[in-house]
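**Student:** Shown below is the structure under consideration.
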Amino acid sequence: MRHFLTTEDWSADELQSLLDLAGRYKRQGHGTPLDGKSIALLFFNPSMRTRTSFEIGAFQLGAHAVVLQPGSDAWPIAFDDGAVMDGKAEEHVAEVARVLSSYCDIIAVRAFPAFEDWSVDRQDNTLDAFARYATVPVINMETIVHPCQELALMLTLQEKLGTVTNRKFLLTWTYHPRPLNTAVANSALLIASKFGMNVTLLCPNEDYRLDPRFMDAAQTSAHAAGTTVEISHDIESAYTGAEVVYAKSWGALPYFGRWEDEKPVRDAHRHFIVDEAKMALTDDAIFSHCLPLRRNVKATDAVMDADYCVAVDEAANRLHVQKALMTTLAGDPGL
Ligand code: CP
106 MRHFLTTEDW
116 SADELQSLLD
126 LAGRYKRQGH
136 GTPLDGKSIA
146 LLFFNPSMRT
156 RTSFEIGAFQ
166 LGAHAVVLQP
176 GSDAWPIAFD
186 DGAVMDGKAE
196 EHVAEVARVL
206 SSYCDIIAVR
216 AFPAFEDWSV
226 DRQDNTLDAF
236 ARYATVPVIN
246 METIVHPCQE
256 LALMLTLQEK
266 LGTVTNRKFL
276 LTWTYHPRPL
286 NTAVANSALL
296 IASKFGMNVT
306 LLCPNEDYRL
316 DPRFMDAAQT
326 SAHAAGTTVE
336 ISHDIESAYT
346 GAEVVYAKSW
356 GALPYFGRWE
366 DEKPVRDAHR
376 HFIVDEAKMA
386 LTDDAIFSHC
396 LPLRRNVKAT
406 DAVMDADYCV
416 AVDEAANRLH
426 VQKALMTTLA
436 GDPGL
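In terms of this note's numbering, the sequence shown is numbered consecutively and its last residue is 440.
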């Protein structure tokens with residue numbers, strides 16, 4: 106049995122096979138390889154794209170999706186081993202994961218960090234607990250990484266650019282009024298480096314570096330591929346020559362739990378917005394973002410409406426890559 110928790114556990118060849126299958130499903134269609142199967146989608150946080158694409162993808166493959174929001178329409182869950190459950194939680198993940206495994210062929214989980222203590226959040230305890238107790242494959246629908254988004258991003262880049270190897274991938278931090286999850290930034294770093302791109306991480310200062318786990322993994326991939334991973338705080342040089350601009354906002358890890366202290370730093374960097382002037386510095390780059398995106402805060406209307414913006418294509422590809430993933434984990438992919 107194989108989980109899909111992080112692309113770090115999957116080789117580039119294995120990921121390429123998923124992308125190839127997704128491409129075939131998209132171009133040629135498919136039968137119902139998951140006929141009679143089911144998937145539980147557990148959302149501890151809001152979603153539009155992930156929920157919709159998984160529900161519809163399961164339906165198109167012949168499977169049934171059950172959406173559960175623990176603490177809202179399903180019982181609150183405890184995760185700590187040995188917990189004395191005299192608080193809000195009505196059941197333990199040990200039972201939840203085993204019971205869902207008895208009904209379903211896949212369990213998928215979205216569980217964002219609590220944003221209080223990164224040393225705790227970085228352990229990804231909720232996802233890890235489901236993977237430990239489940240007896241069916243577990244898919245990460247975004248925790249501290251967002252591997253399904255990685256697949257959609259890479260499929261989109263391959264569709265738009267053909268070969269991605271050795272191209273310059275700019276991952277730029279952007280302003281957002283609130284500190285956001287680092288998951289998509291971590292993931293962009295992982296997938297771009299794994300597929301042999303030259304990655305530049307542009308952020309306001311060293312406090313916005315991503316976790317060493319992901320920086321080191323990207324450096325290891327780059328070393329193997331003969332490419333580079335660089336950090337820059339200079340907008341002009343970072344954009345110059347970029348062939349892909351990928352934007353994301355995230356909270357600085359040293360400020361976890363004391364976000365009021367980060368606010369002045371964040372507010373001083375509104376000019377990291379992706380605009381036409383910055384895009385003009387690139388080598389005719391395409392632009393993307395995982396969405397949702399606040400227009401004229403993270404990127405301007407002109408950028409979002411430009412032909413080079415492929416954010417909607419990337420979102421659309423979530424459907425295809427996740428269908429490939431579900432059939433690979435739980436069925437006969439066919440084709
Ligand atoms: N990109 C993404 O995961 O979107 P949702 O948060 O809407 O699911």
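Where a beta carbon is used, it is the ideal one built from N, C-alpha and C, also for glycine.
Only counting the same chain, and skipping five residues up and downstream in sequence, which positions put a Cβ closer than 7 Å to that of Ser158?
**Tutor:** Contacts found: Arg423, Leu424 and Gln427.
**Student:** Are the beta-carbon atoms belonging to Ile182 and Ala168 less than 8 Å from one another?
**Tutor:** Cβ atoms of Ile182 and Ala168: not closer than 8 Å.
**Student:** Quick check on Asp394: buried or exposed, where buried means 16 or more other Cβ atoms within 10 Å of its Cβ?
**Tutor:** Strictly speaking, residue 394 in this sequence is His, with Asp absent from that position. Buried: at least 16 other Cβ atoms inside 10 Å.
**Student:** How would you label Val201, buried or exposed, when you count the other beta carbons within 10 angstroms and need 16 or more for buried?
**Tutor:** Its Cβ being crowded by 16 or more others within 10 Å, Val201 is buried.
**Student:** Please determine whether the Cβ atom of Met153 lies at a distance below 7 Å from any heavy atom of ligand 1.
**Tutor:** For ligand 1, at least one heavy atom lies less than 7 Å from the Cβ of Met153.
**Student:** Counting along the chain, where does the alpha helix (DSSP H) carrying Asn291 start and finish?
**Tutor:** Taken as a continuous stretch (DSSP letters only), the alpha helix (DSSP H) holding Asn291 covers Ala288 to Lys299.
**Student:** Check whether the Cβ of Leu254 lies closer than 7 Å to any heavy atom of ligand 1, and answer yes or no.
**Tutor:** Per the sequence shown, the amino acid found at residue 254 is Gln instead of Leu. Yes.
**Student:** Is Leu396 a contact residue of ligand 1, with contact defined as CB to any heavy atom under 7 Å?
**Tutor:** Because some heavy atom of ligand 1 lies under 7 Å away, the Cβ of Leu396 counts as near it: yes.
**Student:** Less than 8 Å between the beta carbons of Thr261 and Glu365, yes or no?
**Tutor:** Contact flag unset, no.
**Student:** Is the beta carbon of His169 within less than 7 Å of some heavy atom of ligand 1?
**Tutor:** False, no ligand heavy atom lies under 7 Å from that Cβ.
**Student:** Give me the Cβ distance between Glu341 and Thr305, rounded to the nearest whole Å; I'm assuming they're in contact under 8 Å.
**Tutor:** The Cβ separation is near 12 Å, so there is no contact.
**Student:** With DSSP as the reference, label Glu196 as helix, strand or coil.
**Tutor:** The answer is strand: DSSP assigns Glu196 an E or B state.
**Student:** What are the complete alpha helix (DSSP H) segments, minimum 4 residues, inside the stretch 382–435?
**Tutor:** With a minimum length of 4 residues, the continuous alpha helix (DSSP H) runs that stay inside the stretch 382–435 are 406–409 and 416–435.
**Student:** Going by other Cβ atoms of all chains shown within 10 Å of its Cβ, with 16 needed for buried, is Asn401 buried or exposed?
**Tutor:** By the 10 Å Cβ count, Asn401 comes out exposed.
**Student:** Using 8 Å for Cβ pairs, my map puts Lys131 next to Gly436. What's the rounded Cβ distance?
**Tutor:** Not really, about 18 Å apart at Cβ, beyond 8 Å.
**Student:** For His281, does the three-state DSSP call read helix, strand or coil?
**Tutor:** His281 falls in the coil class under three-state DSSP.
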